[in-house]
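What follows is one structure encoded as structure tokens, with my remarks underneath.
Protein chains: 2
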Amino acid sequence: MNSDLKQASSEKFRRLEAGCRASGLSLTHQRRALLHCLAQRSDHPTADQLYDELKSDVGGLSRTTVYRILDTFVRVGLVSKISSPQAKARFDADMGRHHHIVCEQCGKVADLFDSDFNLRGLPENNSSGFTVHNYEITFNGLCPLCQKIGKENES
Amino acid sequence: MNSDLKQASSEKFRRLEAGCRASGLSLTHQRRALLHCLAQRSDHPTADQLYDELKSDVGGLSRTTVYRILDTFVRVGLVSKISSPQAKARFDADMGRHHHIVCEQCGKVADLFDSDFNLRGLPENNSSGFTVHNYEITFNGLCPLCQKIGKENES
DNA sequence: ATTTCAGGTGGTACTTTATGTCAACTGGTT
DNA sequence: AACCAGTTGACATAAAGTACCACCTGAAAT
Numbered sequence: 015m016n017s018d019l020k021q022a023s024s025e026k027f028r029r030l031e032a033g034c035r036a037s038g039l040s041l042t043h044q045r046r047a048l049l050h051c052l053a054q055r056s057d058h059p060t061a062d063q064l065y066d067e068l069k070s071d072v073g074g075l076s077r078t079t080v081y082r083i084l085d086t087f088v089r090v091g092l093v094s095k096i097s098s099p100q101a102k103a104r105f106d107a108d109m110g111r112h113h114h115i116v117c118e119q120c121g122k123v124a125d126l127f128d129s130d131f132n133l134r135g136l137p138e139n140n141s142s143g144f145t146v147h148n149y150e151i152t153f154n155g156l157c158p159l160c161q162k163i164g165k166e167n168e169s
Numbered sequence: 015m016n017s018d019l020k021q022a023s024s025e026k027f028r029r030l031e032a033g034c035r036a037s038g039l040s041l042t043h044q045r046r047a048l049l050h051c052l053a054q055r056s057d058h059p060t061a062d063q064l065y066d067e068l069k070s071d072v073g074g075l076s077r078t079t080v081y082r083i084l085d086t087f088v089r090v091g092l093v094s095k096i097s098s099p100q101a102k103a104r105f106d107a108d109m110g111r112h113h114h115i116v117c118e119q120c121g122k123v124a125d126l127f128d129s130d131f132n133l134r135g136l137p138e139n140n141s142s143g144f145t146v147h148n149y150e151i152t153f154n155g156l157c158p159l160c161q162k163i164g165k166e167n168e169s
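In the order they appear, the protein sequences are chains A and B.
Quick note, in our numbering, the first sequence goes up one by one and the last residue is 169.
Quick note, in our numbering, the second sequence goes up one by one and the last residue is 169.
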């Protein structure tokens with residue numbers, strides 16, 4: 015079971031690495047390290063969470079670099095910034111169609127894979143004149159932990 | 015036309031004021047001023063945008079107060095923080111079901127009133143164990159201005 | 001294997017966005 | 001007009017993100 019997960023995340027890592035190459039980005043230690051984290055985690059970490067996880071492993075890793083690499087990954091479409099009401103960016107390396115649930119209390123974000131909620135189209139001619147490329151559905155509610163305790167945690 | 019809008023926003027203001035009273039909040043100058051702004055604007059301002067608009071009108075208004083009042087309004091359900099991939103909170107005083115379109119380039123946020131996109135239910139038993147209370151759909155694309163010019167603006 | 005250099009990184013400084021604290025003030029009630 | 005719980009202003013601080021520039025490195029060419 016655990017080894018299945020390991021398998022799946024290293025498979026995901028290889029795909030991300032390939033995507034990186036395909037976009038003409040050099041595979042630096044720092045980028046590999048970030049791709050590893052992103053492939054393993056499914057909790058949609060913030061830039062600072064990723065930095066905190068990696069700074070001990072990757073000697074001399076700079077916070078600036080983490081922000082910059084994440085920006086690059088988003089720009090080339092390898093990773094996305096997910097929408098939430100929180101005032102910080104969270105990143106997701108799974109570009110397949112899926113949705114997110116945000117805990118109102120502690121801010122945790124979980125995936126929801128359920129194609130029943132997929133939209134069947136996009137708005138074409140809306141009154142605001144925007145062209146629409148894509149969408150995200152953000153559900154909100156309470157995570158299992160916050161359902162039990164009625165008080166605040168940190169994500 | 016313009017007076018219709020004025021009419022509509024003052025109507026909205028009165029509803030918000032009533033909601034404030036109903037929640038047992040005192041109607042201070044500062045809260046009224048914020049409700050006014052929120053009733054008039056449909057651009058989903060950030061806390062600092064509201065502060066910048068109000069600080070000249072409301073003598074001695076404090077930035078802290080703006081943040082605190084918005085928090086309170088969200089807590090009592092008078093206003094909502096909308097979901098977007100941007101790392102800052104945007105506020106919306108329209109609590110009716112509608113959707114948002116965010117410009118990928120400049121960050122502007124517009125409303126989309128189109129019930130065709132409303133979901134017909136919420137996820138009940140999802141694998142992550144979250145209870146789900148509500149949802150938001152965030153579309154992304156380009157605003158009319160950014161469609162013309164291919165370069166960056168500030169919202 | 002060595003050289004080369006465009007692209008990438010580290011470190012520092014800085015801005016923007018948000019929160020914590022507490023004395024002083026005020027809306028609404030008596 | 002007096003009271004006081006709730007609210008505010010000012011300041012300090014934290015958290016999140018950006019700008020800048022000298023130096024370094026991945027990977028392509030030789």
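We treat Cβ as the ideally placed atom computed from N, Cα and C, and that holds for glycine.
Item: Unbroken alpha helix (DSSP H) run spanning B/Cys160, endpoints; Value: 158-162
Item: For B/His58, the first and last residue of its enclosing alpha helix (DSSP H); Value: Here B/His58 belongs to no alpha helix (DSSP H), and DSSP marks it neither H nor E.
Item: Reduced DSSP category for A/Val146 - H, G, I as helix; E, B as strand; rest coil; Value: strand
Item: For A/Ser94, the residue or residues it bridges with in DSSP; Value: A/Asp106
Item: 8 Å Cβ cut-off: residues of chain A touching B/Phe144; Value: Ile115, Cys117, Ala124, Phe153, Gly155, Leu156, Cys157, Pro158
Item: C-alpha gap between A/Val116 and A/Val123, whole angstroms; Value: 5 Å
Item: Proximity of A/Phe105 and A/Val90 at Cβ, strictly below 8 Å; Value: no
Item: Beta carbon of A/Ile151 nearer than 8 Å to that of B/Tyr149; Value: yes
Item: Of the residues B/Thr145, B/Ala32, B/Cys157, B/Ser76, the one placed nearest A/Asn140, counting alpha carbons only; Value: B/Cys157
Item: Bridge partner(s) assigned by DSSP for B/Phe153; Value: A/Tyr149, B/Ile115
Item: Whole-number beta carbon distance between B/Lys102 and B/Thr60, since they are thought to touch under 8 Å; Value: 5 Å
Item: Beta-bridge partners of B/Asp125, as assigned by DSSP; Value: B/His114
Item: Contact with chain A by B/Ser97, beta-carbon distance below 8 Å; Value: yes
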